[in-house]
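Residue numbers (the working numbering): 21 to 415. Beneath this line is the structure, given in structure tokens, with notes to follow.
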Amino acid sequence: MLFGALAISGVTLGTRYNSAIESAHDSVVAIKADSIFSLVRDFHYFGSGLILVLGVINVTLLLWRGRFSRDDRWLWWGAVGTVSLGLFFQMTGNLLPMSQHDARTAFAEAGIGAQAPLIGSAIRDLALGGDSVNQATLDRWYFAHRIVGPILLLLIAFPCIRALHKELTARGWLYAAVPIVGAMVLAFMFDGPLGVSAQESDLSTGATRPMWYVLPMHAMLSYFSGLNPSLGWIGSMLIPKLALLGLLSLPIILKKSPSYAWLGRVMVFIGFTLLTLSIVGHGDKVQPPLAAEPSFETPLTTTESTAEEVDGNLAAAGRKLFEQNQCLSCHAVGNEAGGTAGPNLEGVGNRRPEAGWFIRLLRDPESLGISTMPSYSKLTESELRALAEYLRSLR
Numbered sequence: 021m022l023f024g025a026l027a028i029s030g031v032t033l034g035t036r037y038n039s040a041i042e043s044a045h046d047s048v049v050a051i052k053a054d055s056i057f058s059l060v061r062d063f064h065y066f067g068s069g070l071i072l073v074l075g076v077i078n079v080t081l082l083l084w085r086g087r088f089s090r091d092d093r094w095l096w097w098g099a100v101g102t103v104s105l106g107l108f109f110q111m112t113g114n115l116l117p118m119s120q121h122d123a124r125t126a127f128a129e130a131g132i133g134a135q136a137p138l139i140g141s142a143i144r145d146l147a148l149g150g151d152s153v154n155q156a157t158l159d160r161w162y163f164a165h166r167i168v169g170p171i172l173l174l175l176i177a178f179p180c181i182r183a184l185h186k187e188l189t190a191r192g193w194l195y196a197a198v199p200i201v202g203a204m205v206l207a208f209m210f211d212g213p214l215g216v217s218a219q220e221s222d223l224s225t226g227a228t229r230p231m232w233y234v235l236p237m238h239a240m241l242s243y244f245s246g247l248n249p250s251l252g253w254i255g256s257m258l259i260p261k262l263a264l265l266g267l268l269s270l271p272i273i274l275k276k277s278p279s280y281a282w283l284g285r286v287m288v289f290i291g292f293t294l295l296t297l298s299i300v301g302h303g304d305k306v307q308p309p310l311a312a313e314p315s316f317e318t319p320l321t322t323t324e325s326t327a328e329e330v331d332g333n334l335a336a337a338g339r340k341l342f343e344q345n346q347c348l349s350c351h352a353v354g355n356e357a358g359g360t361a362g363p364n365l366e367g368v369g370n371r372r373p374e375a376g377w378f379i380r381l382l383r384d385p386e387s388l389g390i391s392t393m394p395s396y397s398k399l400t401e402s403e404l405r406a407l408a409e410y411l412r413s414l415r
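Below you can see the structure in the form of structure tokens.
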């Protein structure tokens, strides 16, 4: 029922939304300026968040009660599908306002996808349609949000309705309307965040906090990236996909049985433990749902004539460190072959001529809002200085 209400609010907002990249943010600002449409937008924003929260609670309760065997397959598949679709709508809809945070998040997500072996480049090309966030990016994400998502919703609605038809009484269907009321209350109480419009410099960087709903994946990304920069995709993509396939396969594997509650409770315990560790270790590094979006200064472009002179010997040593630490697995330098998970570093010395900024980036990237890059704090101060000097030389 909440998905249906969000579909109505989404269609309503679509009558005022302009999907041209140079006008998208202005159209959302105009929506917020209209009291009625602003309320509809806030309902859409908070309702989509409730979909995820309530969906996770629903899956948890079904696991706890052991209701995921073949007898409950439609109920289970509908519940898991609801959470998956809620996440899909969140990710595809996040870019549409085209704020600084939105553009940077989209670029970061495409970069994470690019880490996958063999198919990484194809994922990044599909997500961005270029080397940075552009009109093709917005068109693709908007299409996925308003066309692909609703089609998936219809497919998921079938098992949900089939299962709930046997489960809910008339009073139960009345209770199912409570989340709609909850989303309305949140829309009246809080203002859905909207950051400042994305600038050119925001379209090719992932330097921002990830959204709250990807916290577990972000925590696993950070962990595996710390082990090796090329392994981040295992935590952010492989493990979540395997977990999803495992959950969907439970009704196929588990035939009729009086109860599988013990197995479900073990899975709940494991999930709760992982979520707790994610919150403790990375909870302060994600973008909360009620917080204002951060704004970012546009880096000043510095010409080579006005920048501090580069130490050639130190930069050469830094280049060796750049190669030894597998930086090319994520970054290309101009036309030089390299990875696509991170931005191309050509000209980065013009945008950031200060060695101190690069040293801070290498030592603690998350302090600068860059959540997808591993820390190189294990390097000595002299090594960090040499690597920073090499990056400064890329002009």
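Just so it is clear, CB atoms sit at the ideal spot from N, CA and C, and this is done for glycine as well.
Exposed unless 16 or more other CB atoms sit within 10 angstroms - verdict on residue i
i	result
residue 410	buried
residue 43	exposed
residue 191	exposed
residue 282	exposed
residue 372	buried
residue 195	exposed
residue 161	buried
residue 114	buried
residue 109	buried
residue 92	buried
residue 209	exposed
residue 266	exposed
residue 139	exposed
residue 287	buried
residue 412	buried
residue 31	exposed
residue 77	exposed
residue 100	buried
When the options are compared against residue i, the one with the closest alpha-carbon
i	options	result
residue 375	331, 251 and 364	331
residue 314	126, 392, 121 and 249	121
residue 68	328, 97 and 25	25
residue 168	184, 219 and 106	106
residue 388	365, 225 and 82	225
residue 123	152, 82 and 101	152
residue 355	346, 367 and 173	367
residue 35	171, 263, 166 and 383	166
residue 65	415, 83 and 27	27
residue 229	377, 390 and 359	390
residue 242	399, 385 and 402	385
residue 304	294, 231 and 189	231
residue 312	339, 83 and 119	119
Coarse secondary structure for residue i, derived from DSSP in three states
i	result
residue 209	helix
residue 68	helix
residue 366	coil
residue 353	strand
residue 240	helix
residue 39	coil
residue 390	strand
residue 118	coil
residue 135	coil
residue 55	helix
residue 257	helix
residue 217	strand
residue 189	coil
residue 21	coil
Whole-angstrom distance between residue j and residue i, CA atom to CA atom
i	j	result
residue 203	residue 70	7 Å
residue 199	residue 280	29 Å
residue 276	residue 90	6 Å
residue 141	residue 56	43 Å
residue 219	residue 51	20 Å
residue 343	residue 291	38 Å
residue 48	residue 159	16 Å
residue 45	residue 38	8 Å
residue 404	residue 239	25 Å
residue 364	residue 206	41 Å
residue 284	residue 180	20 Å
residue 54	residue 33	11 Å
residue 415	residue 336	15 Å
residue 382	residue 254	22 Å
residue 126	residue 170	21 Å
residue 406	residue 369	14 Å
residue 329	residue 399	24 Å
residue 359	residue 163	28 Å
residue 272	residue 289	23 Å
residue 112	residue 346	31 Å
residue 377	residue 116	31 Å
7 Å Cβ cutoff, residue i in contact with chain D
i	result
residue 182	Any reference to chain D falls outside this structure, which holds one protein chain only.
Quick one: any contact between the segment 144–153 and the segment 118–134, if contact means 3 or more CB pairs under 8 Å?
yes
Three or more beta-carbon pairs under 8 Å between the segment 218–235 and the segment 291–304, yes or no?
yes
May I ask you to verify whether the segment 203–219 touches the segment 47–63, counting CB pairs closer than 8 Å and requiring at least 3?
yes
With contact counted as at least three CB pairs below 8 Å, one residue from each stretch, are the segment 242–261 and the segment 332–350 in contact?
yes
Between the segment 254–261 and the segment 73–83, do at least 3 Cβ pairs fall closer than 8 Å?
no
Any contact between the segment 303–310 and the segment 91–104? By contact I mean 3 or more CB pairs, one from each, below 8 Å.
no
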